[in-house]
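To keep things clear, I will list the structure first and then write my remarks on it.
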Ligand SMILES: NC(=O)C1=CN([C@@H]2O[C@H](COP(=O)(O)OP(=O)(O)OC[C@H]3O[C@@H](n4cnc5c(N)ncnc54)[C@H](O)[C@@H]3O)[C@@H](O)[C@H]2O)[C@@H](O)CC1
Ligand SMILES: Nc1ncnc2c1ncn2[C@@H]1O[C@H](COP(=O)(O)OP(=O)(O)O)[C@@H](O)[C@H]1O
Ligand SMILES: [K+]
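Residue numbers (full-length UniProt numbering): 1 to 457.
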């Protein structure tokens, strides 16, 4: 798993401090930051009259640099500030801006608005005296560009601390921060550009990257590619969706275990109406998926108990998660795939961001937790975590979770470790959703999985 690192505000400051310790100055870093944003703005918007809003900290310092560089390219640039700069570097950049600085409260709008009010230093909700003019100027602009982050979002949790303006572009400086990927902030970013300013960062939190999933080779046969067993329950359609997703997601052998034999779906699915324990006793079984359409009655509980006792790698979804509420640590590092509702039933109300909550849940359950939603987070008990790039809202339709569970099962069965299998499944799911496009239903995702797999060869 080696997606782009995502650093919190404190980690970003530490990464910057490490670079400054080598002799690079804050002013140099700020010149570089202003340079990448000015370049991105120029490419995106061209020769457009521009208003740069500067805050009191180093985000504002970047703003003064951007204004100077765009003016040097011949743009009509005005600057408005919420107050005097408070850091040495920002003061230095303010001094290098040779135009006037207007007060934010009553400045006139411009077609291009560049927001350098606050970045990673925002510590509390925006004051109305800043939020109101920001909103007014953003509404009146034709294009809005955020420097590092839209002003008014929580860097580490993606919470809204301001008016929630949607930008056409955000230029993230040095590294991605959680707010670039966590909702509701992530939805405001527009096109997200990462501006390299030579401040490297490493983190246990990454963006989910395209996995490398090699094609089967000469040494492979159906079992080496992975044997997935999906347990059927009260609603066999859900298990069928999971089974089909596991097949199209690359599993070499998929067994549907249960009573509803012969109900639609490809002939290539093996259907067995035998006790689940007997089916899972086969050493060639790479993973058991339990939960989609399982039901929550005694029969469902009995199937779950059999799966938990079987000693095979597990993917537990949907009803299985509800049945697990109140249980402690699990053995064998299963993968749990709750949406928010299932997560709360399973783990209660945990504090912090989605990342904090997924990590705490993973640690408590000793499982890899996939906290699903528009900003899916994957977390492992060892602290590794990953956030998906935004997926299409069209995924909010019945059965797409069953498809995700089947995909994760296929990747686990092919031998990926639980964290990597979960991340690979989430990536394929999001990619297939983009391919399937508007109006998708869960079945369409499955039809697009071969092309998603192709992208990972
Ligand atoms: N640290 C560095 O050396 C570099 C930082 N860079 C920029 O600097 C930003 C971070 O700079 P800072 O740490 O100075 O933080 P910010 O510029 O985001 O804001 C910090 C300032 O805002 C005040 N503040 C916080 N919340 C407020 C609120 N709700 N209302 C009013 N005032 C509030 C703080 O008291 C402080 O004065 C990054 O996002 C990036 O844009 C870049 O210039 C690259 C180099
Ligand atoms: N608004 C949204 N934007 C992007 N992805 C979403 C959104 N809502 C749901 N999803 C994704 O769709 C899937 C829904 O899964 P789930 O809630 O288990 O549905 P079901 O049980 O009907 O299959 C998850 O992968 C989730 O991340
Ligand atoms: K900003």
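Think of the CB as a built atom: it goes at the ideal place given N, C-alpha and C, for glycine as much as any other residue.
Cβ of residue 124 within 6 Å of any heavy atom in ligand 1? yes
With H, G and I counted as helix, E and B as strand and the rest as coil, what does DSSP make of residue 240? If DSSP states are grouped into helix, strand and coil, residue 240 belongs with the helices.
Residue(s) in a DSSP beta bridge with residue 154: Per DSSP, none; premise fails for residue 154.
I'd like to confirm something about residue 376: is its beta-carbon nearer than 6 Å to some heavy atom of ligand 2, or not? yes
Run through DSSP, which three-state label would residue 135 get? helix
Output the distance between the C-alpha atoms of residue 300 and residue 260, rounded to the nearest integer angstrom. 14 Å
Can you tell me where the beta strand (DSSP E) with residue 102 in it begins and where it stops? 101 to 103
At a cut-off of 6 Å, is residue 402 close to ligand 2 when judged by its beta-carbon and the heavy atoms of the ligand? yes
Along the chain, where does the beta strand (DSSP E) containing residue 253 start, and where does it finish? 253 to 257
Determine the closest residue to residue 64 out of 140, 79, 382, with distance taken between C-alpha atoms. 79
Can you tell me whether residue 180 is helix, strand or coil according to DSSP? helix
Cβ of residue 135 within 6 Å of any heavy atom in ligand 1? no
Buried versus exposed, by CB contacts within 10 Å (16 or more), residue 214: Residue 214 comes out exposed.
Using a threshold of 7 Å, state whether the C-beta atoms of residue 45 and residue 112 are closer than that. It is a contact, given that the beta carbons lie within the stated cut-off.
For my contact list, residue 246 and residue 121 are in at a C-beta cut-off of 8 Å; report their separation, rounded to the angstrom. At roughly 46 Å, the Cβ-Cβ gap does not stay under 8 Å, so residue 246 and residue 121 are not in contact.
I think residue 5 touches residue 153, with their Cβ atoms under 8 Å apart; what is that distance to the nearest whole Å? About 19 Å; that fails the 8 Å criterion.
Looking at ligand 3, does it come within less than 6 Å of residue 171, judged from the CB to the closest heavy atom? no
Just to confirm, is the Cβ distance from residue 398 to residue 433 under 7 Å? no
Would the beta-carbon of residue 29 be found less than 6 Å away from any heavy atom of ligand 1? yes
In the DSSP assignment, what are the bridge partners of residue 54? 81, 116
Between the stretch 307 to 316 and the stretch 342 to 350, do at least 3 Cβ pairs fall closer than 8 Å? No, the stretch 307 to 316 is not in contact with the stretch 342 to 350.
Cβ of residue 147 versus every heavy atom of ligand 3: is any distance shorter than 6 Å? yes
Contact between the stretch 194 to 212 and the stretch 232 to 247 (3+ Cβ pairs under 8 Å): The answer is no - the stretch 232 to 247 does not touch the stretch 194 to 212, with fewer than three Cβ pairs under 8 Å.
With residue 19 as the anchor, note down where its alpha helix (DSSP H) starts and where it stops. Start and end: 9 to 20.
Going straight from the alpha carbon of residue 418 to that of residue 368, what length do you get? 6 Å
Return yes when at least one heavy atom of ligand 1 lies under 6 Å from the C-beta of residue 25, else no. no
Could I get the ranges of all uninterrupted beta strand (DSSP E) runs contained in the stretch 261 to 318, with 3 residues as the minimum, in chain order? 270 to 272, 287 to 290, 314 to 317
Would you report the Cα separation of residue 439 and residue 429, rounded to the nearest angstrom? 15 Å
For residue 337, name the three-state secondary structure that DSSP assigns. strand
Where in the stretch 415 to 455 do unbroken runs of the alpha helix (DSSP H), each at least 4 residues long, occur, reported from the N-terminal end onward? Entirely contained in the stretch 415 to 455, the alpha helix (DSSP H) runs reaching 4 residues are, in chain order, 418 to 436, 442 to 454.
Do the stretch 134 to 148 and the stretch 90 to 99 meet, that is, are 3 or more Cβ pairs less than 8 Å apart? no
Is residue 22 near ligand 1 - that is, is its Cβ less than 6 Å away from at least one heavy atom of it? no
With hydrogens ignored, establish whether the beta-carbon of residue 121 is closer than 6 Å to any heavy atom of ligand 1. Answer for residue 121: yes, Cβ within range of ligand 1.
Separation of residue 227 from residue 252, as counted between CA atoms: 6 Å
Neighbourhood of residue 16 by C-beta, 7 Å cutoff - its chain only, sequence neighbours within 5 removed: 29, 199
If you measure between the beta carbons of residue 291 and residue 316, is that distance less than 7 Å? yes
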